[in-house]
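Single-structure report; data block below.
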Amino acid sequence: MTLERRPLAERLWEKVQRGGEAECWVWSGPKTNGYGVIGEGGRGAPTLRVHRVAYELLVGPIPEGLHLDHLCRNRPCVNPAHLEAVTQEENNRRAGQARTHCPHGHELPASGADGRRYCKTCRKAYDRKRYLTKKRSR
């Protein structure tokens, strides 16, 4: 006896807490790196990112070469109003702008002249350690 798999859309929406148009629609199912995932078919079939599935169901196909950017910065959100198809470069740029602190908790400054952002405290510590290592090896 084989069990018939329910349609993907049905399985997706039963695990989404839908709010209003401006609110995040949060996926409550399994996640990988914070992004909701759902099985495409039976055992061994690939998993899909739920925000991509929701976007394609409600908006249409994601244009070739573009990625979906979570404008709300909430990875489990599947609200298509919070998703925008952009290039990978633009998505990375926006993600960098959204960061306010380095992994060690120090505040990040605004972008420098070259557009890069780095933690001055961590950079000073790194430069000091490198200087001492080179000094010892002489």
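UniProt numbering numbers the first residue of the sequence shown as 1 and each following residue consecutively. For every residue, glycine included, the Cβ atom is placed at its ideal position computed from N, Cα and C.
Item                                                                                                                     : Value
Could you check whether ARG52 and LEU71 sit closer than 8 Å to each other, using their CB atoms as the reference points? : no
By DSSP, does TYR126 sit in helix, in strand, or in coil?                                                                : helix
Report the option in ARG128, ASN33, PRO80 whose CA atom is closest to the CA atom of GLY60.                              : PRO80
At the level of alpha carbons, what is the spacing between ARG128 and CYS122?                                            : 10 Å
Going straight from the alpha carbon of TYR118 to that of ARG73, what length do you get?                                 : 20 Å
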